[in-house]
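Below is one structure, written out as structure tokens, with a few remarks after it.
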Amino acid sequence: MAVTFSSSSTATNIFDVGKYTVELVSVEPHKCTSSHPPPKPLLIATPSEGGVFPIFLFLHGYLFYNSFYSQLIQHIASHGFIVVAPQCSRGRCN
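Structure follows, in structure tokens:
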């Protein structure tokens, strides 16, 4: 007995850079001119092209800065996600 699979879609390697160019923005609460600034500093990566994209909340973990993960955050965004990474301190993002 033989089992064969066929698919019309092509597989994507997650390690390849995605099809979108990316903008990386750092938002500091004390520098924000909005009437509702974010409670924590944010690192946001978004596809440069217009469109509707899902949001990926990236909680980086213990003692590192969110900017330490900027390459990974940009890589995820290149695959069509808006990545929001709040700066957590001492493992706390609240």
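Residue numbers (the numbering used here): 1444 to 1537.
We put the CB at the ideal spot given by N, CA and C, even for glycine.
Exercise for the section: Can you tell me the Cβ-Cβ gap for P1490 and A1528, rounded? I've got them flagged as a contact below 8 Å. Expected result: Taking the first residue of the sequence shown as position 1, residue 1490 is located at position 47. Taking the first residue of the sequence shown as position 1, residue 1528 is located at position 85. P1490 to A1528, Cβ: 16 Å. No contact.
Exercise for the section: Rank V1465, P1484, D1459 by C-alpha distance to the C-alpha of N1509 and give the top, closest one. Expected result: In the sequence shown, counting from the first residue as 1, residue 1509 sits at position 66. For N1509, the closest C-alpha among the options V1465, P1484, D1459 is that of P1484.
Practice task
Compare the Cα-Cα distances from I1498 to each of F1507, L1506, E1466, A1488 and report the closest residue.
Solution key: Walking along the sequence shown from the start, residue 1498 turns up at place 55. The residue with the shortest Cα to Cα distance from I1498 is A1488.
Problem - Best match in C1531, V1460, F1524, I1457 for proximity to V1495 [C-alpha to C-alpha] - result: As a position in the sequence shown, residue 1495 is number 52, starting the count at 1. Across the set C1531, V1460, F1524, I1457, the C-alpha of F1524 shows the shortest separation from the C-alpha of V1495.
Problem - Through-space distance from L1500 to N1456, alpha-carbon basis - result: Translated into positions along the sequence shown, residue 1456 becomes position 13. Translated into positions along the sequence shown, residue 1500 becomes position 57. Between N1456 and L1500, the C-alpha separation is close to 22 Å.
Exercise for the section: Pull up the CB-CB distance for H1503 and Y1512, whole angstroms please, since I reckon it's below 8 Å. Expected result: Numbered from its first residue, the sequence shown carries residue 1503 at position 60. Numbered from its first residue, the sequence shown carries residue 1512 at position 69. Between H1503 and Y1512 a beta carbon distance of about 5 Å is seen, short of the 8 Å cut, so the two are scored as contacting.
Exercise for the section: Taking only the alpha-carbon atoms, compute the straight-line gap between L1506 and L1515 and give it to the nearest angstrom. Expected result: Locating residue 1506 in the sequence shown gives position 63, counting from the first residue. Locating residue 1515 in the sequence shown gives position 72, counting from the first residue. L1506 and L1515 have their C-alpha atoms some 17 Å from each other.
Handout entry: Sub-8 Å separation of V1460 and H1518 beta-carbons
Key = As a first step, residue 1460 must be located in the sequence shown, where it is residue number 17. As a first step, residue 1518 must be located in the sequence shown, where it is residue number 75. Closer than 8 Å, so yes.
Handout entry: Selection from V1470, E1471, Q1530, E1492 that minimises the alpha carbon distance to T1464
Key = For this step, residue 1464 is matched to residue 21 along the sequence shown. Ranked by Cα distance from T1464, the options V1470, E1471, Q1530, E1492 are led by E1492.
Handout entry: DSSP three-state assignment for P1484, whether helix, strand or coil
Key = Within the sequence shown, residue 1484 is the residue found at index 41, counting from 1. Coil at P1484, not helix or strand.
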